[in-house]
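Colleague:
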Amino acid sequence: MTSCRRLSVVVPTLDTRILTSECVEAVLASRVPAGVDLEVIVVDDGSRDGTAEALAGRSGVRVLRNEQPTGYSRAVNRGAAEATGDLLVFLNSDTKIEGSSLGSVLDAFEAEAALGIAGAALTYPDGTPQWSGGPEPGLVWLLAQASGAPAALGRLPLWRRAKPLHPPEVAAVAWVSGAAMAVRASLWREIGPFETSYRFYGQDLEFCLRAGDGGWRVRIVPGFRVVHHHGATISSKEEGTVLGNADLGRLWSDLLLWTGRRRGAAYARRARAAILLGSGLRIVLRRLVTPFVGGSRRSVWRRDTAALSRARSEVVSTAR
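For the sequence shown, the working numbering gives the first residue as 47, with consecutive numbering after it.
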């Protein structure tokens, strides 16, 4: 077994002062096994809301400040470069880790020397399970995601019983969400850092698959429990292609970038067609339903449909 006696938690943030403070306080309050040193590194990626000042001088916290925003991947990479831990835990600033989670993560890595990446069992603030990882995406997955079918099916109790979001025990997957991801430091040195060419999504997916290609195991650890305000880092200030808790314009373009890097240009063209087909069907269905949507909800429904259309237009424009 490989011992992990020092733990580094890296939190990138941009203009999420209150959420970041809550995230950091939850980490500092978490129960860490005796003999394990904990350091918290906050990378303030050009915030203008006083995030760095709010955390300045906080015991056990080191703040790294970028004067201008550099992007999520670069912020994480900077924090990881400064970290001294045997185990790196990356947390989005809109997450809150539950009390014994870090102990569960350490136990998982201690028990399995080949474990390279552990993902959390993510939940929404109301306790609803959130998608935390899965198999490598293919054309059917891209079509379904663009169509909105998984979200619709997820509202059906029987569907979630058949396909639970969280496994009952440590389970192997191809990738886990970067919202809460633990990485063995030796793996990070071997294949890191995060790729910086993605707009917002995709770097966690690519990193996990590279780890799997290198023989490392990627798993979801049920005891690694994290509340995630999914989309809180973008929804309040991003406009144009944000639908619900995701910026679909950036999500789909990043998935296409990943697809091309992973499987080549020909496959990326098929992936683009799958996204266009799925999103096109989704838009048609929404427009058919619009006349039957209640008055106060109709304006929101139309706004979201317009955001979906703009996101689809971004995908179309990349093919030209």
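All residues carry an ideal CB built from backbone N, CA and C; glycine is no exception.
Have a look at A164 and A226 and give me their C-alpha separation to the nearest angstrom.
Modeller: 9 Å
Colleague: Examine the Cβ distances between the segment 250–268 and the segment 288–299 and report whether three or more of them are shorter than 8 Å.
Modeller: no
Colleague: Judging by CA-CA distance, which residue of S67, D300, I143 and R307 is the nearest neighbour of Y247?
Modeller: D300
Colleague: Once DSSP output is grouped into helix, strand and coil, what is the label at F338?
Modeller: helix
Colleague: Taking 6 Å as the limit between beta carbons, can you name the residues of its chain near V386, skipping five residues before and five after?
Modeller: Past the boundaries of the shown model lies residue 386; the chain is included only from 47 to 366, so the question cannot be answered.
Colleague: Taking F253 as part of the alpha helix (DSSP H), name the residues at either end of that continuous run.
Modeller: Q249 to D259
Colleague: Can you tell me where the beta strand (DSSP E) with G269 in it begins and where it stops?
Modeller: R263 to H274
Colleague: Examine the Cβ distances between the segment 304–313 and the segment 344–351 and report whether three or more of them are shorter than 8 Å.
Modeller: no
Colleague: Buried or exposed for A166, please, with buried defined as at least 16 other CB atoms from any protein chain shown within 10 angstroms of its CB.
Modeller: By the Cβ-count criterion, A166 is buried, with 16 or more other Cβ atoms from all chains shown falling within 10 Å of its own Cβ.
Colleague: For S359, which of P175, D61 and I329 has the nearest alpha-carbon?
Modeller: I329
Colleague: Report the rounded CA-to-CA distance for G224 versus I266, giving the unit in angstroms.
Modeller: Each residue's alpha carbon lies about 12 Å from the other.
Colleague: Buried or exposed for R177, going by 16 or more other Cβ atoms inside 10 Å?
Modeller: The sequence given here has Trp at residue 177, not Arg. Exposed, because fewer than 16 other Cβ atoms sit within 10 Å of the Cβ of W177.
Colleague: Quick one: grab the DSSP three-state call for R316.
Modeller: helix
Colleague: Count the C-beta pairs between the segment 311–326 and the segment 148–158 that are closer than 8 Å, then say yes if the count reaches three, no if not.
Modeller: no
Colleague: By a C-beta neighbour count over all protein chains shown, 10 Å radius and 16 as the cutoff for buried, is F270 buried or exposed?
Modeller: buried
Colleague: Please give me, in chain order, every unbroken run of the alpha helix (DSSP H) with length at least 4 that falls completely inside the segment 138–223.
Modeller: Here the runs fully enclosed are 147–157, 185–193, 195–200 and 203–208.
Colleague: Measuring CB atoms only, is the segment 68–88 touching the segment 183–197, in the sense that at least three cross pairs come out at less than 8 Å?
Modeller: no
Colleague: Please classify R108: does DSSP put it in a helix, a strand, or coil?
Modeller: In this structure, R108 counts as strand in the three-state DSSP scheme.
Colleague: Determine which residues share a DSSP beta bridge with D90 and list them.
Modeller: T59 and R111
Colleague: In three-state terms, what does DSSP make of R230?
Modeller: strand
Colleague: Taking a contact to mean a Cβ-Cβ separation below 9 Å, would you say A231 touches L134 in this structure?
Modeller: yes
Colleague: In three-state terms, what does DSSP make of T351?
Modeller: helix
Colleague: Alpha helix (DSSP H) containing R296: first to last residue?
Modeller: Per DSSP, the unbroken alpha helix (DSSP H) holding R296 starts and ends at L294 to R309.
Colleague: Determine, using beta carbons only, whether E170 and V273 come nearer to each other than 9 Å.
Modeller: Here residue 170 turns out to be Tyr, not Glu, going by the sequence shown. Against a cut-off of 9 Å, the Cβ pair of V273 and Y170 comes out as a contact.
Colleague: Answer with buried or exposed for S119, where buried requires no fewer than 16 other C-beta atoms within 10 angstroms of its C-beta.
Modeller: buried
Colleague: How long is the line joining the alpha carbons of D132 and R256, rounded to whole angstroms?
Modeller: The straight-line gap from Cα to Cα measures roughly 20 Å.
Colleague: Output needed for G258: all residues of its chain with C-beta closer than 7 Å, excluding positions within five of it in sequence on either side, in chain order.
Modeller: A220 and V264
Colleague: So, are the CB atoms of T242 and S139 less than 9 Å apart?
Modeller: no
Colleague: If you draw a straight line from the alpha carbon of T97 to that of L327, how long is it in whole angstroms?
Modeller: 42 Å
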